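For the sequence shown, counting from 1, position 259 maps to 259 in the working numbering; every step adds exactly one.
The C-beta atom is built at its ideal place from N, Cα and C for all residues, glycine as well.
The structure presented is a predicted model; accordingly, all values stated were derived computationally and were not measured.
Please read the structure below before turning to the comments.
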Amino acid sequence: MKPGIRVYTTTVLAVLAFTVVPLRLDAQSAPQVARSADGVVVAAQPLAAAAGARMLELGGNAADAAVAAAFAISVVEPSMNSIGGRNQILIRTPDGGVAGIDGTTSVPLGYDPATAPRAAYGYPTVGVPGSVAGLMRLHEEYGSLPLTTIMAPAIDYAAHGFRLLPGEARRQTGSRDQVAESEGARRYYLKADGSPYLPGDRLVQSDMAATLRAISLGGGDAFYRGEIAGRIADDMAANGGFLTREALAAYEAEDSRIVRGSYRGFEIVGSDIPASGAIAILALQIAEVFDPDSMSDEAWASVIAQSLALAMTEYRRDGSDSSAVRVTSKAFARELSGQVRVPAEATMEADGAPWAAAGTGSSWLAGAVTGLALPPEDGHTTHLSAADGNGMAIALTQTIGPGMGAKVATPGLGFLYAVTLGGYLGISEPGERARSGITPFMVLDDGEPLLVLGAAGGIRIISAVVQAVTRVVDDGLALPAALAAPRVHPDMGPDGLAGFSVEAGPEDGWSGTSLEEFREMGFEITPTPRQGAFGRIHGLQYDAATRTWIGAADPDWEGAAVAPRPAGPTRGG
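If you want it as structure tokens, here you go:
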């Protein structure tokens, strides 16, 4: 077993009061691993996973489950995502096809980057929200249940409240001062005396419930063209924002550009710009050149870190089809692999074998990544995965940017907006969509799903996804153990790869011996013990032999994997 691997489960209390059926679960068990032939939903908050699983119990499919979980997570994990944010959705259809939906926030037409203020939060940072459009399209094109049924759990959580988990309470507390500057955000996320909500406090969001109810009845038009849109536009105009009624009405969720590659015989699939699936594919295809069985786990981790650093040099490339073909080609990956340092001997010796570049005459990342500008490394975003018993699977990532997003909310509507403008994501031209590290991802085995996953965690989303894949494919770990294994992430300096951060901790990180081995290789190492600092994956693994889905929530977060309960006598209470 590789160092630091562990199995982690947790149980939390939750109350579900869905209005679609007479159901109440007073002590919902929420383990972080679940197995079922009928599908599983995995999300960063147990109530959201339970909402999705309930749709499967009602006869819905994975799309229904994903939409229900996505609306629910916007209510119960508001520090990480919102209906005022953005999403990327990857879909595997029952016939084996793969499609994607781009619900990314965009820059409003009429926005002038030359005169707009540079800001980290506030009304001037708000772009056109895409989350609702993305979820509506997923439901309309792939769902089967009525929208009112699918959104009922989210509406119930907002209207009747839920108890804050410790992590969510901590994140809301961390943004208290900025949230207090906004009338709406202050109303929704601080108590009457200005203090933050504490773990276990019940958070009721009546205005959010009303907004969600309007969407459930009127669909996307209710948000982008109706009264809600008018209130958004008026609030923006009154507070220095750039989002207009016209920009909202013009917004559409677009098709994602699907990118494909392969890793050790498995097909790997993701979404390209504004998502980062091509970067993950490139990193894996660089790493594929090397044999992990010929080196120590620490040496292999250093190869992964270098592969990621090289792949991330393509983060700011143009979004053309030809660019996507180049970046996902095996030839390009092999060319870059010549800059990776590998052991001169097949196995690292105890005293540290000499290291050399893999390719003759190649330089080790020297200047290769000079001047690379990546988004801030903020541990934001949420990801959920859903599958059903008929072969449909969904990987859905949703975010508002840094914790609590723009930290503003329109009074009367009840939700936060994402940060898009102001320089945070390095974009500013009208009509552009916010490029990010978001990476919904799938690994296929002869067309059958093997892994369905994605992550939260800013730019470390990419490194988390890549390492989860290698832990399963190369180490032979089941997904729950793969998510518990320690990770690395490249640290980029002005002259290239400066070293890498390593997950360190007494229970789940690299050991002190491992840290010394990293240093003996000549790398600058930054041990990072902060929980969740290396991304949080909520994913699925499919066992084709038993036709069983295995759902796994990242042990560094408060999420859950929930399977639908077998049909039986009517439940009530």
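Mapping the DSSP letters down to three states, classify Phe332 as helix, strand or coil. Start at 1 with the first residue of the sequence shown, and residue 332 comes out as number 332. In the structure shown, Phe332 sits in a helix (DSSP, three-state: H, G or I).
Between Ser428 and the rest of its own chain, which residues show a CB-CB distance below 8 Å, the 5 nearest in sequence each way excluded? In the sequence shown, counting from the first residue as 1, residue 428 sits at position 428. So the list reads Val107, Tyr111, Pro113, Ala116 and Leu421, once near-sequence residues are dropped.
Which whole-angstrom value is the C-beta distance of Gly52 and Ala66, which I expect to be below 8 Å? For this step, residue 52 is matched to residue 52 along the sequence shown. For this step, residue 66 is matched to residue 66 along the sequence shown. The pair is a contact, with the Cβ atoms about 6 Å apart (cut-off 8 Å).
Beta carbon of Ala44, beta carbon of Arg460: below 8 Å? By 1-based counting over the sequence shown, the position of residue 44 is 44. By 1-based counting over the sequence shown, the position of residue 460 is 460. The answer is no: Cβ separation not under 8 Å.
Would you mind listing the alpha helix (DSSP H) stretches within the stretch 527-552 that are 4+ residues and don't spill past its ends, in chain order? none
On the three-state DSSP scale, how would you describe His139? Looking up residue 139 in the sequence shown gives position 139. His139: helix per DSSP, three-state reduction.
Taking 8 Å as the threshold (C-beta atoms), are Thr211 and Leu281 in contact? Numbered from its first residue, the sequence shown carries residue 281 at position 281. Numbered from its first residue, the sequence shown carries residue 211 at position 211. Note that residue 281 is Ile in the sequence shown here, rather than Leu. No. Outside cutoff.
Option in Pro274, Phe290 and Arg341 with minimal Cα separation from Ala324: Position 324 of the sequence shown, counted from the first residue, corresponds to residue 324. Answer by Cα proximity: Pro274.
Can you give me the C-alpha to C-alpha distance between Leu164 and Ala30, rounded to a whole angstrom? Indexing the sequence shown from 1 puts residue 164 at position 164. Indexing the sequence shown from 1 puts residue 30 at position 30. Approximately 15 Å, taken between the alpha carbons.
Confirm, please, whether the CB-CB distance from Ala48 to Tyr188 is below 8 Å. Taking the first residue of the sequence shown as 1, we reach residue 188 at position 188. Taking the first residue of the sequence shown as 1, we reach residue 48 at position 48. No, these two residues do not count as a Cβ contact at 8 Å.
Please state whether the Cβ-Cβ distance between Ala219 and Leu147 is less than 8 Å. Here the question's residue 219 lines up with position 219 in the sequence shown. Here the question's residue 147 lines up with position 147 in the sequence shown. First, the residue type needs correcting, since residue 219 is Gly and not Ala in the sequence shown. Cβ atoms of Gly219 and Leu147: closer than 8 Å.
4 or more residues per run - each alpha helix (DSSP H) lying fully within the stretch 48-124: 62-76
Would you mind giving the Cβ-Cβ distance between Ala484 and Ala468, rounded to the nearest angstrom? I have them listed as a contact below 8 Å. Along the sequence shown, read from residue 1 onward, the residue named residue 484 stands at position 484. Along the sequence shown, read from residue 1 onward, the residue named residue 468 stands at position 468. That pair is no contact at about 10 Å.
With burial defined as no fewer than 16 other Cβ atoms inside 10 Å of the residue's Cβ, what is the status of Leu138: buried or exposed? Taking the first residue of the sequence shown as 1, we reach residue 138 at position 138. Counting Cβ neighbours within 10 Å, Leu138 comes out buried, since at least 16 surround it.
On the three-pair Cβ rule with 8 Å, is the stretch 248-266 touching the stretch 295-307? no
Grab me the residues of Arg213's own chain with a C-beta within less than 7 Å of its C-beta, minus the 5 sequence neighbours each way, in chain order. Taking the sequence shown and counting its residues from 1, one reaches residue 213 at position 213. Around Arg213: Ile155.
Is Ile575 near Leu384, with beta carbons less than 8 Å apart? One cannot answer for residue 575 here, as it falls past the ends of the chain, which runs 1 to 573.
Residues bridged to Met492 [DSSP beta-bridge criterion]: Translated into positions along the sequence shown, residue 492 becomes position 492. In the DSSP output, where bridge partners are listed per residue, Met492 has Leu497.
Three or more C-beta pairs under 8 Å: does that hold for the stretch 526-542 against the stretch 449-457? yes
Alpha helix (DSSP H) runs wholly inside the stretch 434-506, at least 4 long, in chain order: 460-473 and 479-484
Identify every residue that forms a DSSP beta bridge with Ile394. As a position in the sequence shown, residue 394 is number 394, starting the count at 1. Ile394 is bridged to Ile91 and Ala386.
Going by the DSSP bridge assignment, what does Tyr417 pair with across the sheet? Locating residue 417 in the sequence shown gives position 417, counting from the first residue. Answer is Gly84, bridged to Tyr417.
Please name the residue, chosen from Arg54, Pro490, Leu58 and Leu90, that lies closest to Leu451 on a Cα-to-Cα basis. Looking up residue 451 in the sequence shown gives position 451. Nearest C-alpha to Leu451: Leu90.
Three or more C-beta pairs below 8 Å linking the stretch 126-133 and the stretch 158-173: no
In this structure, how does DSSP classify Tyr263 when only helix, strand and coil are distinguished? Within the sequence shown, residue 263 is the residue found at index 263, counting from 1. It is a strand residue.
Starting from the C-beta of Thr548, find all residues in its chain whose C-beta is less than 8 Å away, skip the five residues before and the five after it, and write them out in chain order. The residue you call residue 548 lines up with position 548 of the sequence shown. Here the set comprises Arg35, Ser36, Ala37 and Tyr542.
Which of the three DSSP states is assigned to Phe162 in this structure? In the sequence shown, the residue the question calls residue 162 occupies position 162. It is a strand residue.
Please state the DSSP three-state secondary structure of Ile258. Against the sequence shown, residue 258 aligns to sequence position 258. Note: Ile258 maps to strand in three-state DSSP.
Which parts of the stretch 294-319 are runs of the beta strand (DSSP E), unbroken and 3 residues or longer, counting only runs that do not cross its ends? none
Quick check on Ser79 - is its C-beta less than 8 Å from some C-beta in chain C? The question asks about chain C, but that chain is absent: this structure has only one protein chain.
Report the start-end ranges of each beta strand (DSSP E) in the stretch 189-275 that is 3 residues or longer and not cut off at the edges. 258-263 and 266-271
Terminal residues of the alpha helix (DSSP H) in which Ser514 lies: Counting from one through the sequence shown, the residue named residue 514 turns up at place 514. Gly512 to Glu520 is the span of the alpha helix (DSSP H), which, as asked, contains Ser514.
For Arg316, which option in Val41, Leu540 and Ala278 has the closest C-alpha, if you only look at C-alpha atoms? Residue numbering aside, residue 316 sits at position 316 when the sequence shown is read from its first letter. Ranking Val41, Leu540 and Ala278 by Cα distance to Arg316 puts Ala278 first.
Measure the beta-carbon distance from Val419 to Thr439 and round it to whole angstroms, keeping in mind my assumption that it falls under 8 Å. As a working note, residue 419 is residue 419 in the sequence shown. As a working note, residue 439 is residue 439 in the sequence shown. Not really, about 19 Å apart at Cβ, beyond 8 Å.
So what does Ser36 bridge to, in DSSP terms? In the sequence shown, the residue the question calls residue 36 occupies position 36. Trp549.
Can you tell me whether Ile400 is helix, strand or coil according to DSSP? Position 400 of the sequence shown holds residue 400. Residue state, collapsed to three classes: coil.
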